[in-house]
Amino acid sequence: MDALVGIYPEAAVIVEPSLEREFEQRLAESSTLAFRIALGVLHHHEDAEDVAQEAFVKAYKNFHRLRDRERFRAWLARIAWRLALDRVRSVRRRQARELAAAAPQRSPTVEDVAASREFQAHLERAMDELPKKLRVVMVLAAVEGYEMEEVSRLLGVSQGTVKSRLFWARKKLAEELRWLASDTKTG
Amino acid sequence: MACERYKDWVTHAALDALPAGREAEWRGHLETCPGCRAALERERRLLRAIDRGLAASVDTEPSPEFAARVRQRIAAEPAGWSLWLPRWLPSAAGAIAVLALLGVWFAIRAPRPPLGVLDTREALVIAREPVPRPAPERTAGPVRPSEPQSPRAGRGDDRPEPEVLVPPGQWEAMMQLYNAAQQGRVDAGALFYRRALLEQVAAELVPPAELKVKPLEVIPLDAPRGAPQRDTG
């Protein structure tokens, strides 16, 4: 317990040492989740780390209010998501500059495009244009390996809702990116 | 290129979301239309590329120093107990302390209620006698609210400590009352004696006897006088 007090020497009066230990466990378990969610929005490693750290600081301040600590992951995911969206404007300006320098040279096949950074940049831009409800489900699906149950638990919605939103998100992304792979050979 | 009629079906089919009523028609059409088969395959590859691209965009770990940086940022937050408690709690604690002191003051000033079977004069005499207080063994002044100590501490009292859970907002009020009683500014003995007297009164009260109700005797109207007949119906 002294070690834990030493970690946060001036931050707060520790009312419950068990809360402190529990928070450390959550930090170890959920760091990757918060970071990947922020990365899915910001597409920038350092920005995503900064946002994820900020999410944990917010979580620490309100940790005692959690009624159900098993839902900490869902709670943290929402905090990270909102903080990442708040940070996104400055990131979009940087992405716009990068995209302007990455104009497509030809119309390759889908496989070539998928392997390229150009596709990735356009995919990220298309993701940024998605409505937030669709975007968050795509990010979480990517983070959680497209496990519907986990995504529905994080979002607090049914699996049917997750599948529906995933469908519309993918459909919209496909419409936005189809031009990248205009293969006229089999017309 | 997909047929005009079916080009809007391609994405649904690639996502396995074609309505049930259209699946048979779609499968039948695919058997005869190479354009739609190619379109379907391209759409599936595109969707796989989208999924892979998204997974690749988040398939990385935070830096090894991530947890340490979180702790540093938490430690750099403004110091204060409000980090673990609601921000309104200090104000609420102060308000509760004031209300508690007012309640104690009014309780001391309020007239004593009648004591039932006990002699009122005797009860008043008992209530007015100050409670003999043990000499305080601490010389450093009143106990501060932030230093919770048992009143029995240092007196060699072997009895187990009472389990009194005082919410954080009321702790300061309780300690102020305790300090006031220690310094003689509050006659806490009166509070305890009133309770003791009330308990004594309650113990001496005779419980009411069990109420017994005899069955109702109905005298028929045509019965001769002096010979009532009991109605056992």
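One line per chain: the protein sequences are B and U, in this order. Per my numbering, the first sequence runs over residues 1 to 187. Per my numbering, the second sequence runs over residues 1 to 233. Using N, Cα and C, we set each Cβ at its ideal position, and we do this for glycine too.
Starting from P78/U, follow the alpha helix (DSSP H) in both directions and report where the run begins and ends.
It is not in any alpha helix (DSSP H) - P78/U carries neither H nor E in the DSSP assignment.
Do the region 11-28 of chain U and the region 161-180 of chain B touch if we need at least three Cβ pairs shorter than 8 Å?
Between the region 11-28 of chain U and the region 161-180 of chain B, the count of Cβ pairs shorter than 8 Å is three or higher; the stretches touch.
What does the alpha-carbon distance come out to for the pair L76/B and R109/U?
Their backbone Cα atoms lie some 54 Å apart in a straight line.
The alpha helix (DSSP H) spanning A59/B covers which residue range?
Segment H45 to K61, the alpha helix (DSSP H) holding A59/B.
Please check the pair G53/U and F119/B, which I expect to be a contact at CB under 8 Å, by giving their CB distance rounded to whole angstroms.
Right, the Cβ-Cβ distance comes to about 6 Å (below 8 Å), so this counts as a contact.
For A28/B and A188/U, which I take to be in contact (beta-carbon distance under 8 Å), what is that distance rounded to the nearest angstrom?
Not a contact, Cβ separation roughly 51 Å.
Using 8 Å for Cβ pairs, my map puts A34/B next to A52/B. What's the rounded Cβ distance?
Yes, they are in contact, since the Cβ atoms of A34/B and A52/B sit about 4 Å apart, within 8 Å.
Which residues in chain U sit within 7 Å of M138/B, going by Cβ to Cβ distance?
Within 7 Å Cβ-Cβ: L54.
I'd like the list of long-range same chain contacts for P64/U, defined as Cβ closer than 8 Å, with 5 residues on each side in sequence excluded.
Closer than 8 Å at the Cβ level, and outside the excluded window around P64/U, lies no residue.
Assess, as a yes-or-no matter, whether the region 37-57 of chain U is touched by the region 149-158 of chain B under the definition of 3 or more beta carbon pairs within less than 8 Å.
When Cβ pairs closer than 8 Å are counted between the two stretches, the region 149-158 of chain B is seen not to touch the region 37-57 of chain U, the count staying below three.
From A39/U to L83/B, what distance separates their C-alpha atoms?
If I take the Cα positions, the gap works out to 40 Å.
Here's the rule: buried if 16 or more other CB atoms are within 10 angstroms of the residue's CB, otherwise exposed. What is Y6/U?
By the 10 Å Cβ count, Y6/U comes out buried.
Could you give the distance in angstroms between the alpha-carbon of L46/U and the alpha-carbon of V162/B?
Going from the Cα of L46/U to the Cα of V162/B covers about 21 Å.
With a threshold of 9 Å between beta-carbons, can K61/B be considered close to chain A, or not?
Going by chain labels, chain A is absent from the structure shown, which instead holds the protein chains B and U.
Residues of chain U with CB under 7 Å from R178/B, in chain order?
Within 7 Å Cβ-Cβ: L46.
If we count the other Cβ atoms within 10 Å of its Cβ and call it buried at 16 or more, is K133/B buried or exposed?
By the 16-neighbour rule on beta-carbons within 10 angstroms, K133/B is exposed.
In this structure, does DSSP put G35/U in helix, strand or coil?
Looking at G35/U - three-state DSSP - the assignment turns out to be helix.
Neighbouring residues, chain U, relative to R36/B (Cβ below 7 Å)
Going along chain U in sequence order, the residues near R36/B (Cβ under 7 Å) are V58.
Taking 9 Å as the threshold (beta carbon to beta carbon), is M127/B in contact with chain U?
Chain U, which has a Cβ nearer than 9 Å to the Cβ of M127/B, makes this yes.
Spatial neighbours of K248/B in its chain, beta-carbon cut-off 7 Å, leaving aside the 5 residues before and after
Nothing about residue 248/B can be reported from this structure: the residues present for chain B run from 1 to 187 only.
Under 7 Å (Cβ pairs) to chain B, residues found in the region 3-16 of chain U
Residues T11 and L15.
Closer than 9 Å at the beta carbon, the chain U residues around L123/B
By Cβ distance, chain U contributes A49, I50, G53, L54 and S57.
What distance in whole Å lies between the Cβ atoms of A55/B and L48/B, which are believed to be in contact at a cut-off of 8 Å?
The residue asked about is misnamed: residue 48/B is Ala in this sequence, not Leu. No, A48/B and A55/B are not in contact; Cβ-Cβ is about 10 Å, not under 8 Å.
Note down, in chain order, each residue of its chain lying with its Cβ closer than 8 Å to the Cβ of L177/U, except the 5 sequence neighbours on either side.
A100, L101, V104, V186 and A188, listed in sequence order.
So the alpha helix (DSSP H) W179/B belongs to, where does it begin and stop?
In the DSSP assignment, W179/B falls outside any alpha helix (DSSP H) and carries neither an H nor an E.
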